[in-house]
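Numbering (the numbering used here), first residue to last: 2 to 57.
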């Protein structure tokens, strides 16, 4: 359970961090893309972990 909470927290942090950077217009398209990729990875890893837990 703590592991899923960590993934959720990480995903929310990345979303908020990405939104902050977009709002302040500090970053360019490449940096935004990196943030999106990290969010997608955490989402994928969370889903993968949840599915794996179903088989245990």
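Think of the CB as a built atom: it goes at the ideal place given N, C-alpha and C, for glycine as much as any other residue.
Delimiting residues of the alpha helix (DSSP H) encompassing residue i
i          : result
residue 38 : 30–56
Of the residues the options, the one placed nearest residue i, counting alpha carbons only
i         : options       : result
residue 6 : 35, 55 and 50 : 50
residue 3 : 38, 47 and 55 : 47
residue 9 : 43, 30 and 38 : 43
Cβ shell of residue i (< 8 Å), same chain only, five flanking positions each side left out
i          : result
residue 22 : 28, 32, 33 and 36
residue 40 : 12, 15, 16 and 19
residue 45 : none
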